[in-house]
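**Student:**
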Amino acid sequence: GISQAKQPIINERIDLPPQSYDSVPERAILAAVAAAESTNSISDLRIAVDDFEDCGLKKTAMNTVFSDGDSSAKIMFIGTVPGADEDRNGLPFVGLGGQLLNKMLASVNLDRSSCYLTNIIFWRPPGDREPTENEISVCVPFVERHIELILPEIIVLLGGPASKSLLGMKESINKIHGQFLKYSTRRMKNPILAVPLYHPNNLLRSPASKQDTWLDLLKVKNKLFQK
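Residue numbering for the sequence shown follows our numbering, starting at 50 and increasing by one per position.
Rendered as structure tokens:
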């Protein structure tokens with residue numbers, strides 16, 4: 050009788066590690082999917098992201114950095130994470146990288162106010178570290194819904210992490226930048242053109258890639274206005 054009484058306790062202890070580790074990210078992702086899919090407008094989505102508590106980055110960030118620009122834009126820029134300036138202001142691409150992006154857009158006669166800008170992560174990682182795979186996975190359902198609601202003609206994916214997490218590509222940004230690829234979700238009737246580009250922060254560190262990025266942006270602009 051004693052061994053039978055003890056048995057459930059042993060089982061509970063054996064079951065504890067999967068419950069406390071493996072299923073936590075999965076639960077967070079499922080919660081993100083449910084929250085994202087319940088939204089039918091950008092304002093709904095913004096509230097859902099603001100109210101979401103299952104991404105640890107939110108606890109250390111000053112602000113949720115959701116988006117900036119024109120929600121009816123034909124072109125949507127998606128970066129990786131907010132930095133210190135973005136975290137303070139609650140807007141994407143307002144730091145040095147953002148200022149460079151504004152100049153890049155102006156160089157091909159595009160205006161920031163006629164574009165839509167966001168990131169794959171809505172909260173600044175502490176110390177500007179790289180986001181973890183779990184942090185990206187938890188935010189991606191919101192990003193997918195974001196794209197579905199904006200429904201631009203072209204998505205420009207700034208940097209490797211944005212390109213890899215949304216397109217599932219293994220290649221580095223050096224190999225795939227400037228290529229017209231296709232992005233779709235199960236809710237979309239038709240795929241959208243997606244173009245990986247160097248992130249402006251990369252260009253601040255490696256100015257030699259600016260020429261490539263300018264040429265890539267010219268291709269994007271030409272594709273946008275050839276219809």
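Glycine residues also receive a C-beta, built at the ideal position from the N, C-alpha and C atoms.
Name the DSSP bridge partner or partners of Tyr232?
**Tutor:** DSSP output for Tyr232 lists Ile241 as bridge partner(s).
**Student:** For Gly209, which option in Phe191, Lys231, Asn250 has the closest C-alpha, if you only look at C-alpha atoms?
**Tutor:** If we check each option's Cα against that of Gly209, Asn250 comes out closest.
**Student:** Our contact map puts Val205 next to Leu246 with C-beta atoms below 8 Å; I'd like the distance itself, whole angstroms only.
**Tutor:** Right, their Cβ atoms sit about 6 Å apart.
**Student:** Just checking my contact of Ala133 with Ile169 at CB under 8 Å: how many whole Å lie between their CB atoms?
**Tutor:** Actually they do not touch by this definition, with Cβ atoms about 18 Å apart.
**Student:** Under a Cβ-count criterion, where at least 16 other Cβ atoms within 10 Å of its own Cβ denotes burial, should Ala155 be classed as buried or exposed?
**Tutor:** Exposed: under 16 other Cβ atoms inside 10 Å.
**Student:** May I have the straight-line CA-CA distance separating Phe171 from Phe274, to the nearest angstrom?
**Tutor:** Approximately 30 Å between the Cα atoms of the pair.
**Student:** Over what stretch of residues does the beta strand (DSSP E) that includes Val143 continue unbroken?
**Tutor:** Premise fails: Val143 is in no beta strand (DSSP E) and is neither H nor E.
**Student:** For Thr234, does the count of other Cβ atoms within 10 angstroms reach 16, so buried, or fall short, so exposed?
**Tutor:** Label assigned to Thr234: exposed.
**Student:** Determine whether the beta carbon atoms of Asp99 and Thr88 lie at a separation below 7 Å.
**Tutor:** No, Cβ-Cβ distance for Asp99 and Thr88 is not below 7 Å.
**Student:** Taking the alpha-carbon positions, what's the Asp71 to Pro180 distance?
**Tutor:** Unreliable positioning characterises Asp71 in this predicted model, as indicated by a pLDDT of 49, which lies under 50. A coordinate reading is not provided.
**Student:** Can you give me the Cβ contacts of Lys268 inside the same chain, cut-off strictly under 7 Å, excluding the 5 residues immediately before and after it?
**Tutor:** So the qualifying residues of the chain are Gly227.
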